[in-house]
Amino acid sequence: MKLRFAAVLLLPCGLVHGEPRYTQNDFGGVGLLQTPTARMAPAGELSVTASRTDPYSRYSFSLQPFDWLESSFRYTAITNRKYGTEALSGDQSFKDKAIDVKARLWEESHWAPQIAIGARDIGGTGLFSSEYFVANKRYDNLDFSLGVAWGYLGNRGDFSNPLAVLGSQFDERPQSDAAVSRAGGVNSNAYFKGHPSLFGGVAYQTPWEPLSLKVEYEGNDYRNEPLNNPIKQDLPINIGVVYKLADSVDLSAGWERGNTAMFGITLHTNFVSRKAPAKTYDPPAERLPAPAPSTPVDQVNWADVSSRLQQNAGYKVKRITQRGSELMVYGEQSRYFYPAKAVGRASRILDNSAHQDIDWFTLVNQRYDMPIEETSLPRETFRAVVNNEQPLKDLQRSTEINPAVAHRETTLYTQALDPFNYGFGLGYKQNIGGPDGLLYQFTADADAEYRFTRNTWWSGLLSANLLNNYDKFTYDAPSGLPRVRTDLRKYLTTSDVTMPTFQLNHAVQLDRDLYGMVYGGYLESMFAGVGSEVLYRPMGQRWSVGADLNVVRQRDFDQGFGLRDYRTVTGHVTGYTELPNDLKAAVSVGRYLARDWGTTVDVSRAFSNGVKFGAWVTLTTASKEEYGEGSFDKGIYISIPFDELMSTSTQRRANIVWAPLTRDGGARLGRAYSLQTMTDGRDSDLFYNNFEKITE
Numbered sequence: 065m066k067l068r069f070a071a072v073l074l075l076p077c078g079l080v081h082g083e084p085r086y087t088q089n090d091f092g093g094v095g096l097l098q099t100p101t102a103r104m105a106p107a108g109e110l111s112v113t114a115s116r117t118d119p120y121s122r123y124s125f126s127l128q129p130f131d132w133l134e135s136s137f138r139y140t141a142i143t144n145r146k147y148g149t150e151a152l153s154g155d156q157s158f159k160d161k162a163i164d165v166k167a168r169l170w171e172e173s174h175w176a177p178q179i180a181i182g183a184r185d186i187g188g189t190g191l192f193s194s195e196y197f198v199a200n201k202r203y204d205n206l207d208f209s210l211g212v213a214w215g216y217l218g219n220r221g222d223f224s225n226p227l228a229v230l231g232s233q234f235d236e237r238p239q240s241d242a243a244v245s246r247a248g249g250v251n252s253n254a255y256f257k258g259h260p261s262l263f264g265g266v267a268y269q270t271p272w273e274p275l276s277l278k279v280e281y282e283g284n285d286y287r288n289e290p291l292n293n294p295i296k297q298d299l300p301i302n303i304g305v306v307y308k309l310a311d312s313v314d315l316s317a318g319w320e321r322g323n324t325a326m327f328g329i330t331l332h333t334n335f336v337s338r339k340a341p342a343k344t345y346d347p348p349a350e351r352l353p354a355p356a357p358s359t360p361v362d363q364v365n366w367a368d369v370s371s372r373l374q375q376n377a378g379y380k381v382k383r384i385t386q387r388g389s390e391l392m393v394y395g396e397q398s399r400y401f402y403p404a405k406a407v408g409r410a411s412r413i414l415d416n417s418a419h420q421d422i423d424w425f426t427l428v429n430q431r432y433d434m435p436i437e438e439t440s441l442p443r444e445t446f447r448a449v450v451n452n453e454q455p456l457k458d459l460q461r462s463t464e465i466n467p468a469v470a471h472r473e474t475t476l477y478t479q480a481l482d483p484f485n486y487g488f489g490l491g492y493k494q495n496i497g498g499p500d501g502l503l504y505q506f507t508a509d510a511d512a513e514y515r516f517t518r519n520t521w522w523s524g525l526l527s528a529n530l531l532n533n534y535d536k537f538t539y540d541a542p543s544g545l546p547r548v549r550t551d552l553r554k555y556l557t558t559s560d561v562t563m564p565t566f567q568l569n570h571a572v573q574l575d576r577d578l579y580g581m582v583y584g585g586y587l588e589s590m591f592a593g594v595g596s597e598v599l600y601r602p603m604g605q606r607w608s609v610g611a612d613l614n615v616v617r618q619r620d621f622d623q624g625f626g627l628r629d630y631r632t633v634t635g636h637v638t639g640y641t642e643l644p645n646d647l648k649a650a651v652s653v654g655r656y657l658a659r660d661w662g663t664t665v666d667v668s669r670a671f672s673n674g675v676k677f678g679a680w681v682t683l684t685t686a687s688k689e690e691y692g693e694g695s696f697d698k699g700i701y702i703s704i705p706f707d708e709l710m711s712t713s714t715q716r717r718a719n720i721v722w723a724p725l726t727r728d729g730g731a732r733l734g735r736a737y738s739l740q741t742m743t744d745g746r747d748s749d750l751f752y753n754n755f756e757k758i759t760e
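Basically this note's numbering = 1-based index in the sequence shown + 64.
See the structure below:
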């Protein structure tokens with residue numbers, strides 16, 4: 065697994081699903097026990113499931129980006145089979161990685177059932193690969209499912225393949241074990257082939273709300289299990305129970321195959337319907353005065369206003385100016401994730417301070433002195449809305465977001481630059497899925513930044529080991545490419561104190577919609593060098609385009625100041641766009657760290673609260689033989705604003721990335737700063753989608 069991980073605990077958070085309540089199956093994904101159903105969790109659902117049915121231990125991560133689409137990423141430990149020779153992996157059990165998808169084709173109506181199509185283990189070894197159609201119909205507290213499956217779910221092979229009318233190639237399905245040697249490919253040559261079987265069952269919601277019962281008939285007879293691992297099945301009927309221990313914790317137990325116990329646990333939450341914790345550690349918003357102040361603007365203590373803007377509204381003020389009846393604040397927002405909340409708090413402070421002749425407040429948001437956007441709101445309408453004298457929609461209609469441009473204005477106050485800031489935190493890294501098993505490390509991290517000017521700064525990160533099990537980390541993956549990532553073990557185990565980043569940066573607005581940045585130093589844990597980036601991002605548009613170019617050299621394994629011999633030039637041209645249904649896409653074309661050329665496609669679903677579910681795939685000129693196991697780079701991720709998890713406001717994010725393997729092909733430089741992210745204020749959706757926070 066790639067080294068990009070931030071841990072988030074899915075603890076009880078007050079989320080209560082309305083009935084019917086859909087729970088995860090043994091594999092991950094909404095279903096019964098071994099079988100899926102056509103049901104879907106609500107959009108925004110995240111579930112982590114661990115289950116044990118001898119000889120399989122399964123660990124899955126499921127995302128519901130849309131009401132109609134479910135995706136899962138799963139590790140399976142086959143505990144009675146070894147990963148390899150004792151010299152390679154000791155007594156580690158065999159590990160298999162898989163990605164599943166399920167899509168709703170038809171939504172349930174009064175007469176018609178809900179219908180879905182799905183596939184398990186769509187790439188890689190294909191040991192558990194299966195394709196299926198399934199339908200569900202609900203009657204009161206009973207939810208019936210019936211489906212037909214090819215592959216693992218239908219290994220009994222009850223009847224001839226009806227798709228054989230399209231050609232004899234559908235009669236036989238390739239053996240999954242043969243796919244081990246081509247791990248990582250897409251198993252399209254096996255889709256819907258072979259003899260299928262029926263499966264189905266029923267879920268019953270008992271009168272006692274925490275308890276659900278499940279009964280299923282499965283289409284697998286366990287005579288063709290992966291790795292020549294036949295399992296005895298006394299009965300094709302499985303039974304189970306699910307107990308809701310808490311709103312976000314489900315415990316499962318069952319009796320499967322007529323002879324084997326199953327136990328499981330699911331932690332889940334929904335980042336759309338859940339409520340973020342109350343911000344009990346934020347300072348209270350200032351009250352509005354009645355009437356407005358009458359102190360002339362040239363007599364206001366603007367230094368005090370600047371201090372309050374930083375402490376209460378999160379703005380690091382650069383200057384405060386006046387343009388006629390408009391009061392303008394130039395600064396960098398550093399605390400509040402929701403722009404509307406920051407603008408509302410700042411407007412309260414200005415309303416408490418500015419002369420009654422001021423009619424408009426404008427907040428000019430800057431990032432490292434680059435003007436991003438300016439937000440203007442009418443003072444009287446704002447006062448009326450906060451005092452519940454006018455509806456919120458009146459303020460939303462009259463609030464303007466425009467490109468930040470130069471104005472003819474009178475400067476009232478200039479704030480000196482506060483150059484130094486720092487922070488401390490805990491870090492977590494993990495590597496899973498290889499012959500060494502689960503590897504982890506906890507670190508104590510310190511980050512710091514020093515600004516020489518407002519747009520020229522140094523930044524660095526120091527990381528010290530607290531706890532790890534890297535004594536078990538012995539495996540270096542084979543590679544037919546320069547080892548730009550597969551030396552991961554050496555980078556993680558050589559030193560207990562590392563310096564992942566140590567770099568100098570300079571950013572500038574080149575034109576109204578054009579931004580640029582140059583940087584140099586130790587850019588990530590494995591590479592140092594110099595680079596530059598430019599981005600064209602028109603205000604209010606749903607697209608942008610950028611390019612980066614970097615000359616880099618590999619770092620020593622201890623992540624100090626030393627360098628190794630490997631050098632390369634890497635860079636990409638990237639187009640960003642917003643698609644219908646809250647989808648975002650980024651397509652990058654260029655040269656990767658291992659000197660391979662190719663394309664990365666990243667697609668994500670962005671929710672109104674800033675949470676993103678996404679996936680990427682990278683195809684390059686590296687051949688399958690050069691790339692090794694996996695064939696090409698791919699993965700899924702979730703990005704969660706810490707504001708959704710904490711009792712204090714913050715702009716930081718937790719980024720959780722699941723990539724099946726660490727390989728050298730398709731490896732990109734892990735840059736600390738991105739102009740696309742730094743200019744996110746140019747996308748007004750987050751502001752308007754959460755406009756109600758302007759009164760908080």
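Beta carbons are placed, not taken as given, at the ideal position from N, Cα and C, and that holds for glycine.
- Spanning the alpha carbons of I163 and Q269 requires a straight line of approximately 29 Å.
- Non-local C-beta neighbours of D577 in its own chain, meaning closer than 7 Å and more than five positions away in sequence, comprise Y600, R601, P602 and M603, ordered along the chain.
- In the three-state reduction of the DSSP assignment, W366 falls in the helix class, which pools H, G and I.
- A direct Cα-Cα distance of roughly 12 Å separates G491 from N532.
- Rounded to the nearest whole angstrom, the CA to CA distance from S276 to I704 is 31 Å.
- Taking C-beta atoms under 8 Å as the contact rule, T140 and Y120 qualify, at a distance of about 6 Å.
- In the three-state DSSP reduction, E513 falls in the strand class (E or B).
- A Cβ-Cβ contact shorter than 8 Å links M742 with R431.
- Between T557 and Y539, the CB-CB gap reaches or exceeds 8 Å.
- Closest option to L373, judged by alpha-carbon separation, among Q479, L331 and H174: Q479.
- Scanning F755, G730, Q567 and T330 for the CA closest to the CA of Y86 turns up T330.
- Annotation for E444: the continuous alpha helix (DSSP H) segment containing it runs R443 to V450.
- Exclusion of the five residues before and after V572 leaves M434, N519 and G580 as the residues of its chain whose Cβ lies within less than 7 Å of its Cβ.
- Pairing F566 with L587, the inter-Cα distance amounts to about 7 Å.
- Membership of S115 in the beta strand (DSSP E) is indicated by the continuous run E109 to T117.
- Using a Cβ distance threshold of 8 Å, R631 and L647 do not count as a contacting pair.
- Ranked by Cα distance from D314, the options W366, T113 and Q297 are led by T113.
- For Q156, the three-state secondary structure derived from DSSP is coil.
- With contacts defined as CB atoms closer than 8 Å, L503 and D728 fail to qualify as a contacting pair.
- Counting other Cβ atoms within 10 Å of its Cβ, Q363 stays below 16 and is therefore classed as exposed.
- Straight across, the Cα-Cα distance linking N614 with H636 is about 9 Å.
- Scanning its chain for C-beta atoms nearer than 6 Å, with the 5 sequence neighbours on each side dropped, one finds around Y123 the residues A114 and Y139, in chain order.
- In the DSSP assignment, D433 forms no beta bridge with any residue.
- Taking all protein chains shown into account, A592 has 16 or more neighbouring C-beta atoms within 10 Å of its C-beta and is therefore buried.
- In this structure, the beta-carbon distance from E350 to N416 falls below 8 Å.
- For the 8 Å CB-CB criterion, R655 and T638 do not form a contact.
- By the neighbour-count definition (other C-beta atoms within 10 Å, threshold 16), Y752 is an exposed residue.
- Its chain contains F751, N754, F755, K757 and I758 as the residues whose beta carbon lies nearer than 7 Å to that of A404, once the 5 sequence neighbours on both sides are disregarded; these appear in chain order.
- Residue range Q178 to R184 is occupied by the beta strand (DSSP E) that includes I179.
- Spanning the alpha carbons of A468 and L552 requires a straight line of approximately 43 Å.
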